Amino acid sequence: MLKLGCMSLSYSHEFRAGQLDLAGFVERAYELGLDGIDIHTGAFASTEPAYLRAVRMQALKRGLALSYIGVSNNFGKPTEQLADEVKAARHWIDVAAYMGIPLVRVFAAWVPAGDTEAAVWARMIPCLKEVAEYGADKGVVIGLHNHNHGCVTRTGRDVRRILAEVDNPYFSHILDTGQYVGSPGASGANGQEDPSLDFYGSIAETAPLAVHVRCKIYRIQQGVEEWLDYPRIFAILRRVGFNGWLSIVYEGQQVEAEVTAVPKAVQYLRRLIANG
246 MLKLGCMSLS YSHEFRAGQL DLAGFVERAY ELGLDGIDIH TGAFASTEPA YLRAVRMQAL
306 KRGLALSYIG VSNNFGKPTE QLADEVKAAR HWIDVAAYMG IPLVRVFAAW VPAGDTEAAV
366 WARMIPCLKE VAEYGADKGV VIGLHNHNHG CVTRTGRDVR RILAEVDNPY FSHILDTGQY
426 VGSPGASGAN GQEDPSLDFY GSIAETAPLA VHVRCKIYRI QQGVEEWLDY PRIFAILRRV
486 GFNGWLSIVY EGQQVEAEVT AVPKAVQYLR RLIANG
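Numbering (our numbering), first residue to last: 246 to 521.
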């Protein structure tokens with residue numbers, strides 16, 4: 246059964262303005278009739294046990310699953326900074342385990358100016374292996390998030406290579422529908438797909454490996470996502486028998502406020518799910 250959730254970053258402007266906190270986000274998700282939520286680390290006001298228990302209890306009472314915690318790491322940093330990156334990821338794995346959250350999102354690596362991708366790759370893989378092993382020890386799956394903008398997970402082939410090299414059953418894939426190179430939202434040409442880069446092909450390449458799908462929403466003013474072809478994406482997911490979370494990640498704040506856009510995204514994706 247496909248389940249619909251929402252990532253806290255969909256309300257990034259309201260969080261930054263102090264108009265929304267994690268408790269308010271839980272209530273917002275309940276009012277929208279969602280099945281669960283994903284929480285970026287920046288949405289947590291604390292990681293003290295009492296606070297984490299309160300969030301978990303509120304979600305439970307509202308019938309909402311906590312599907313993953315999103316960590317914004319970078320294993321492409323200089324070697325002397327990587328221990329802190331790994332330590333932060335381990336910390337959030339501990340938080341997830343404490344709260345009963347089954348999945349933690351991680352990024353791979355960005356290539357610093359003047360560095361080479363080969364050098365970054367060589368120091369990234371051991372970090373990902375360590376994090377995956379720690380997740381396995383805690384019973385928490387680590388989900389590799391594909392990303393462009395200089396990240397080394399810009400294509401489906403890149404993601405598959407990393408998954409193969411880490412080679413741990415607790416290291417899996419979180420598929421972002423808008424973040425493969427060529428996407429209208431990920432390649433520096435807002436609203437313009439580059440067909441030669443075939444980002445839908447990358448989605449199809451890694452969809453069989455995905456345990457969670459981040460559904461990017463960029464332009465939903467008319468009630469239909471304009472930049473991404475979701476009927477096509479849903480067809481890809483159904484072909485591979487995907488049976489998990491679809492999570493709204495709204496990034497169109499410059500053209501429409503979150504408070505009106507996210508409900509439209511919920512209605513739109515619910516219709517697509519129902520048409521399955």
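In this text, a Cβ means the ideal position worked out from N, Cα and C, and glycines have one as well. Remember, it's a predicted structure, so these values are computed and weren't measured experimentally.
Original post:
Using the beta-carbon count (16 or more within 10 Å), is residue 429 buried or exposed?
Top reply: buried
Subject >> Reference residue 202, options 362, 329, 422, 406, closest by Cα >> reply: Outside the shown range of the chain, which is 246 to 521, sits residue 202, and nothing can be said about it.
Subject >> residue 386 - containing beta strand (DSSP E), residue span >> reply: 386-390
Original post:
Which residues mark the beginning and the end of the beta strand (DSSP E) in which residue 351 is found?
Top reply: 348-351
Original post:
By a C-beta neighbour count over all protein chains shown, 10 Å radius and 16 as the cutoff for buried, is residue 293 buried or exposed?
Top reply: exposed
Original post:
From residue 364 to residue 326, what does the alpha carbon distance come to, in whole angstroms?
Top reply: 15 angstroms
**OP:** Would you mind reading off the limits of the alpha helix (DSSP H) that contains residue 248?
**Re:** Note, residue 248: premise wrong, no alpha helix (DSSP H); beta strand (DSSP E) at 248-252.
Subject >> Residue range of the unbroken beta strand (DSSP E) whose run includes residue 283 >> reply: 281-285
**OP:** Determine the extent of the beta strand (DSSP E) in which residue 315 is found, giving its start and end residues.
**Re:** 310-315
Original post:
Taking the alpha-carbon positions, what's the residue 506 to residue 465 distance?
Top reply: 6 angstroms
Original post:
Who are the Cβ neighbours of residue 347 in its own chain at under 7 angstroms, not counting the five residues just before and after it?
Top reply: 385, 386
Subject >> Alpha-carbon spacing of residue 446 relative to residue 401, whole angstroms >> reply: 8 angstroms
Subject >> Nearest-angstrom beta carbon gap, residue 397 and residue 418 [assumed within contact, 8 angstroms] >> reply: 14 angstroms between Cβ atoms; not a contact.
**OP:** Give the secondary structure of residue 322 by DSSP, where H, G and I count as helix, E and B as strand, and everything else as coil.
**Re:** coil
Original post:
Taking residue 453 as the reference, which of 341, 253, 508, 480 has the closest Cα?
Top reply: 480
Subject >> Backbone CA spacing between residue 469 and residue 509 [nearest angstrom] >> reply: 8 angstroms
Original post:
At which residues does the alpha helix (DSSP H) containing residue 478 begin and terminate?
Top reply: 475-484
Subject >> Reduced DSSP secondary structure (H/G/I, E/B, other) of residue 459 >> reply: strand
Original post:
Count the other CB atoms within 10 Å of the CB of residue 329; is the residue buried (16 or more) or exposed (fewer)?
Top reply: exposed
Subject >> Helix, strand or coil at residue 370 according to DSSP, with G and I counted as helix >> reply: helix
Original post:
For residue 477, which residues from the same chain have a beta carbon less than 7 angstroms from its beta carbon, with the 5 sequence-adjacent residues on both sides left out?
Top reply: 445
Subject >> Own chain residues within Cβ distance below 7 angstroms of residue 340, not counting five before or after >> reply: 292, 297, 314
Original post:
Are the beta-carbon atoms belonging to residue 522 and residue 358 less than 8 angstroms from one another?
Top reply: Because the chain is modelled from 246 through 521, residue 522 falls outside the range shown and cannot be assessed.
Subject >> Local conformation of residue 448 per DSSP, three classes >> reply: helix
**OP:** Verify whether the separation of the beta carbon atoms of residue 301 and residue 252 is less than 8 angstroms.
**Re:** no
Original post:
Over what stretch of residues does the beta strand (DSSP E) that includes residue 494 continue unbroken?
Top reply: 490-495
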